[in-house]
Each structure stands twice: as structure tokens, then as C-alpha cells.
Amino acid sequence: MESFIQSYGIGFAAFHQAALHTGTYMAGSAALALYLKQEGLDLAFEPTDIDLYVRGDTTVMRDLLMAHGFEDADKFDLVESPYATPCITSVRSYVNQATQEIQLITLEKSHVIVEYIASQFDLSICATWWEPVANEFYTMDETSMRNHLMYMNQDELEHRRLSGSLSKKTQGRLAKYCARGFTTLPRHTATWRQDTRQAVTCCTWAAAGLPTAFDVWQYEEVNCALFLKQSPHHILLRIQEAVYAFDRHNLFHSMNDRYRMLERGMYVFQTPLNHSVSRVAMTMFLNSELSVYELTDAVTRTDFRGEPVTIYTVRGYPTSNWLRNRQAVAVAPYVPLEEWSALELPPFPPVLMRQDAVDGLPDDISDISSSTEIIHYDTEEFMVN
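Just so you know, the sequence shown maps onto residues 9 to 393 in my numbering.
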């Protein structure tokens with residue numbers, strides 16, 4: 009970071025002090041390139057500019073740039089700017105005599121910069137940033153990054169990619185990063201076969217102990233069997249002795265907007281009932297081969313503010329597996345390597361589902377023997393290459 013900032017003709021000590029004072033973060037392609045070097049994953053591409061994100065007043069950082077020979081290029085109209093979102097209040101581009109360019113992007117004070125980066129950037133690999141206090145680079149999805157994999161970071165963009173309706177700008181960005189050594193993979197969505205729910209009747213579900221569930225959005229009790237039969241989007245979520253009814257897509261989109269960052273730049277997502285799960289576990293709710301889910305085996309982690317967060321394992325079942333009390337898929341919370349040996353976890357299963365894969369299950373999970381449990385521990389140290 010120090011030599012990179014100095015290559016723009018700015019002393020790093022002065023830059024770092026200004027960043028600390030204003031809470032400025034670096035993000036975008038420059039942060040990505042430097043993160044890769046920091047982690048020994050260098051793909052040997054050089055960024056063409058720097059994006060700096062500031063909340064509120066930009067005077068200190070602007071004055072620093074202008075004191076080092078940068079001038080306001082008056083380049084962007086905010087409405088037409090590629091950075092334009094409701095959270096952005098201004099975008100100014102500063103250029104020096106060597107034509108090196110730095111964008112100074114201002115967010116509303118009510119927004120947390122890291123949360124904005126993680127939720128609003130289009131590509132997963134670009135959700136990477138430099139944090140001034142630690143003076144280190146972080147990324148949203150370490151595992152995919154280590155495997156040089158990327159995906160669309162928003163559901164709407166993934167739908168456009170699959171339908172061939174991405175904008176030329178986004179298509180160009182995908183092509184650019186593919187040329188830099190990344191491979192595009194599908195966003196974590198439902199690509200497995202849909203659960204037919206043939207075994208669902210009022211009698212079978214009453215016998216299984218799930219006669220009714222509480223529909224959180226409609227705020228009413230529903231018959232579990234009838235609810236599941238109404239739509240493949242309908243799912244049941246069991247938390248201890250309570251059972252809740254959701255539309256899987258409404259649940260996912262609600263959780264996708266309710267997240268907290270852990271101490272290592274990883275994220276957890278909250279259900280409408282305020283139960284936290286990992287990103288990978290949250291995507292399980294979109295898997296159309298699973299119909300019944302339960303939250304179990306909570307562990308406590310610490311968020312980036314030092315506050316405790318309780319994170320749950322998510323277990324998912326096709327209806328036939330639930331009725332026969334057979335396990336299908338489980339995604340356990342992130343476990344740091346240094347704490348692994350201290351936990352009483354089951355032995356490694358015969359199949360370990362990779363975080364960046366949607367095809368890690370056997371062809372027919374309903375045929376898994378009753379002794380088989382597919383568990384994914386949400387940790388980069390134990391990923392399958």
C-alpha cells in the first residue's frame with residue numbers, strides 16, 4: 009500500500025493520517041490488485057486508477073490531493089456517473105500531470121462504507137477494500153477469491169447475466185476480469201432439481217409433528233401441508249419448537265439486506281426473527297430441492313465492533329427426507345482454524361460442499377443413506393480445491 013500511494017506522488021504518512029481522520033476506504037480494482045498481492049495471489053494486473061470512499065465531508069482528503077498536484081477534472085455528472093446510487097452524494101475525479109486519476113466518492117453519513125461495498129458492488133471480487141485503522145486489505149468472499157472465481161454480487165444482475173441482458177458496461181467488466189485470470193461462476197441460486205413434495209399430505213405432516221406453522225409476512229397460522237403444496241417457493245423453517253412459513257425468495261431478499269460484518273471481514277445475515285447465519289447458509293434457502301429447514305448448533309463469534317454474534321447451523325431437507333428423519337444438507341458457521349480442535353464437531357463427512365459450488369451434492373440427495381450427513385463448515389481452511 010505504501011509504495012502504491014507513493015507511486016501517485018503522495019507521501020503515505022500524510023495519506024494514511026488523512027484516511028484515519030476522515031474514515032476513508034479504498035475499494036475497486038486498486039484494492040483488488042493490492043489484496044491479491046497481500047495474500048500472495050497476484051494475477052499480475054495493474055489498476056488504472058484509485059477509488060476512495062468517504063462519509064460526509066471530503067475537505068481533508070480533497071486538500072491533500074490538491075496539495076500533491078491533483079486537480080479536479082470535473083469529469084462526472086452524478087446522475088450519469090457509473091458510481092451513481094441513492095447512497096452516493098458526490099463523485100469527483102482528480103488528475104495529476106502524469107494523468108494518474110483518483111476518484112473521491114462521498115457516501116451519506118448514515119451509511120457504513122464496508123456494508124455499502126459488500127452490498128452494492130456488482131462483482132464479488134470487487135467487494136474488496138483497504139481499511140485505514142488496520143492498514144490492511146479485506147475481501148467479502150475469501151474462498152472464491154483464493155480460487156480466482158467471481159460471481160455477480162446482486163440477484164438482479166445474475167438474472168440479467170443468465171438472460172443475456174447485462175448492460176454493455178457490465179459485460180465489459182466481466183470480460184476485463186476474465187482476461188485478468190478470473191473465472192465466472194453462477195451466483196448461489198437454485199440449480200438443483202426441485203423437490204416434488206409428493207409425500208406431502210395433511211396426515212403425513214401432522215404425524216411428523218408439523219401440523220401448522222406461523223406465516224411471518226401474513227401474520228397468521230397456516231396448515232404446513234397445504235402451504236407447501238401451494239408453491240415450490242414456500243418453505244418451512246423450524247427454530248427450536250417453533251415452525252415458521254416463508255416464501256424462499258422473500259426470506260432471502262429480506263436477509264440479504266440485514267447483515268453484520270465479523271472481525272475478519274466475513275458477513276452473517278439475519279432472518280426476520282433475528283437469527284444469524286453465514287452467507288453460504290443463507291443461499292440454501294434458494295435451493296429448490298430443499299423444502300424444510302431448521303436452525304441448530306449455535307456458536308458465538310465477534311463482529312467488527314467487538315460485539316457478540318450468535319450464528320446458527322442451517323440444515324435443509326427435501327420433504328421425503330424430513331418425513332423419514334434423514335439428513336440432507338447442513339452448513340455450519342465459520343470456524344477459525346485455531347479454534348477447530350477445541351470444538352466437538354462431527355468427523356469430516358464423505359462429501360464436503362464447496363462454498364463456491366452449486367453442484368457439490370450427489371445427483372439425488374434423497375438417496376443418501378441415513379448415516380450420511382453432508383456438512384459444510386463455512387471456513388476457507390477446509391475448502392475442496
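Just so it is clear, CB atoms sit at the ideal spot from N, CA and C, and this is done for glycine as well.
Buried or exposed (CB count within 10 angstroms, at least 16 for buried), residue i
{"i": "Gly36", "result": "buried"}
{"i": "Trp225", "result": "exposed"}
{"i": "Glu10", "result": "exposed"}
{"i": "Ala106", "result": "exposed"}
{"i": "Cys134", "result": "buried"}
{"i": "Tyr227", "result": "exposed"}
{"i": "Arg323", "result": "buried"}
{"i": "Ser284", "result": "buried"}
{"i": "Asp71", "result": "exposed"}
{"i": "Pro316", "result": "exposed"}
{"i": "Asn143", "result": "exposed"}
{"i": "Glu401", "result": "The requested residue 401 does not occur in the structure, where the chain is confined to residues 9 to 393."}
{"i": "Ser152", "result": "buried"}
{"i": "Thr66", "result": "buried"}
{"i": "Ser328", "result": "buried"}
{"i": "Leu170", "result": "exposed"}
{"i": "Ala39", "result": "buried"}
Bounding residues of the alpha helix (DSSP H) (the contiguous stretch that carries residue i)
{"i": "Ala187", "result": "Lys176 to Ala187"}
{"i": "Tyr43", "result": "Ser37 to Gln46"}
{"i": "Asp71", "result": "Thr67 to Ala75"}
{"i": "Thr291", "result": "Arg287 to Thr291"}
{"i": "Thr1", "result": "Here the chain comprises residues numbered 9 to 393, so residue 1 is not present and cannot be evaluated."}
{"i": "Arg323", "result": "Counting along the chain, Arg323 falls outside any alpha helix (DSSP H), though it belongs to the beta strand (DSSP E) covering Pro316 to Tyr325."}
{"i": "Phe2", "result": "Residue 2 lies beyond the stretch modelled for the chain, which goes from 9 to 393, so this question has no answer here."}
{"i": "Ser173", "result": "Taken as a continuous stretch (DSSP letters only), Ser173 belongs to no alpha helix (DSSP H), as it is neither H nor E."}
Close Cβ partners of residue i (< 8 Å) along its chain, the five nearest in sequence each way excluded
{"i": "Gly31", "result": "Val62, Arg63, Ile121 and Pro140"}
{"i": "His156", "result": "Leu49, Leu51, Gly189, Phe190 and Thr191"}
{"i": "Asp130", "result": "Met160, Asn161, Gln162, Leu165, Thr178 and Arg181"}
{"i": "Cys186", "result": "Thr192"}
{"i": "Val68", "result": "Ala26, His29 and Thr30"}
{"i": "Gly77", "result": "Gly17, Asn104 and Gln105"}
{"i": "Leu281", "result": "Val224, Ile247 and Tyr252"}
{"i": "Lys237", "result": "Arg205 and Val208"}
Contact test: residue i Cβ vs the ligand COA heavy atom, cutoff 7 Å
{"i": "Gln238", "result": "In the structure shown, the ligand COA is absent, as is every other ligand, since no ligand is present at all."}
Where the beta strand (DSSP E) containing residue i begins and where it ends
{"i": "Ser101", "result": "Ile96 to Val103"}
{"i": "Phe12", "result": "Looking at the DSSP string, Phe12 is not in any beta strand (DSSP E); the run it does join, the alpha helix (DSSP H), is Glu10 to Gln14."}
{"i": "Leu303", "result": "Val300 to Thr310"}
{"i": "Leu60", "result": "Asp57 to Arg63"}
{"i": "Phe78", "result": "Counting along the chain, Phe78 falls outside any beta strand (DSSP E), and DSSP gives it neither H nor E."}
{"i": "Thr32", "result": "Taken as a continuous stretch (DSSP letters only), Thr32 belongs to no beta strand (DSSP E), as it is neither H nor E."}
{"i": "Glu144", "result": "Glu144 to Thr147"}
{"i": "Val276", "result": "Tyr275 to Gln278"}
Proximal residues to residue i (C-beta, below 6 Å), its chain only, five neighbours per side dropped
{"i": "Ala365", "result": "Below a pLDDT of 50, predicted positions are generally treated as unreliable, and Ala365, at 27, falls in that range; no measurement from the model is reported."}
{"i": "Glu302", "result": "Arg246 and Arg323"}
Chain-order list of residues whose beta-carbon lies under 7 Å from that of residue i (same chain, five-residue window excluded)
{"i": "Thr209", "result": "Ala233"}
{"i": "Ala81", "result": "Ser101, Tyr102 and Val103"}
{"i": "Lys83", "result": "Ser101"}
{"i": "Tyr43", "result": "Thr136, Phe145 and Thr147"}
{"i": "Arg256", "result": "His241, Ile243, Phe293 and Leu294"}
{"i": "Lys117", "result": "Arg63 and Gly64"}
{"i": "Arg168", "result": "Leu174"}
{"i": "Val230", "result": "Thr220, Ala221, Asp223 and Ala253"}
{"i": "Glu79", "result": "Tyr102 and Val103"}
{"i": "Val276", "result": "Tyr267, Arg268, Leu270, Ser284, Val285, Ser286, Val317 and Ile319"}
{"i": "Thr304", "result": "Tyr320, Thr321 and Arg323"}
{"i": "Ala22", "result": "Leu72"}
Chain D within 8 Å of residue i, Cβ atoms only
{"i": "Ala27", "result": "Reference to chain D is not applicable here, since this structure consists of a single protein chain."}
What are the start and end residues of each continuous alpha helix (DSSP H) run of 4 or more residues lying completely inside the region 111-142, in chain order? Along the length of the region 111-142, whole alpha helix (DSSP H) runs at least 4 residues long occupy 121-128, reported in chain order.
Would you check if the region 58-66 and the region 104-123 touch, i.e. whether three or more CB-CB distances between them fall below 8 Å? The region 104-123 is in contact with the region 58-66.
The region 282-299 / the region 239-254 touching (three or more Cβ pairs under 8 Å): Of all C-beta pairs linking the region 282-299 to the region 239-254, three or more are shorter than 8 Å, placing the two stretches in contact.
Which runs of the beta strand (DSSP E), 3 residues or longer, sit entirely within the region 242-267? Secondary structure remark: continuous beta strand (DSSP E) runs of at least 3 residues inside the region 242-267, in chain order: 242-247 and 250-255.
Examine the Cβ distances between the region 306-319 and the region 260-267 and report whether three or more of them are shorter than 8 Å. Counting C-beta pairs closer than 8 Å gives fewer than three between the region 306-319 and the region 260-267, which falls short of the contact rule.
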